[in-house]
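Enquirer: Structure provided below as structure tokens; questions to follow.
In full-length UniProt numbering, the protein residues as written are 1 to 79.
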């Protein structure tokens, strides 16, 4: 993760970079200048991590659908 901007560091805030602006959410919320710097390798890592999480979410959603279908079948068998 990138180092926090000076505003977040000074105020003990959690510094979350906004993917389109490159500024952190705290600075965006307060409409102040953000000195957060995210290098290209860090952006690449963030993008890889995001893709991995999206894949995990998709897999979990598929497993949920499968489990729900099984639950419905079991309810029908009990009826």
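Where is the CB? At the ideal position from N, CA and C, for every residue including glycine.
Give a yes or no on whether the C-beta atoms belonging to residue 16 and residue 25 are separated by under 8 angstroms.
Expert: yes
Enquirer: Excluding sequence positions up to five away, which residues of its chain have a Cβ less than 6 angstroms from the Cβ of residue 34?
Expert: 5, 23, 24, 27
Enquirer: Please state the DSSP three-state secondary structure of residue 17.
Expert: strand
Enquirer: Is it buried or exposed, residue 36, if we count other Cβ atoms within 10 angstroms and call 16 or more buried?
Expert: buried
Enquirer: Considering residue 37, what are the terminal residues of the alpha helix (DSSP H) in which it resides?
Expert: Premise fails: residue 37 is in no alpha helix (DSSP H) and is neither H nor E.
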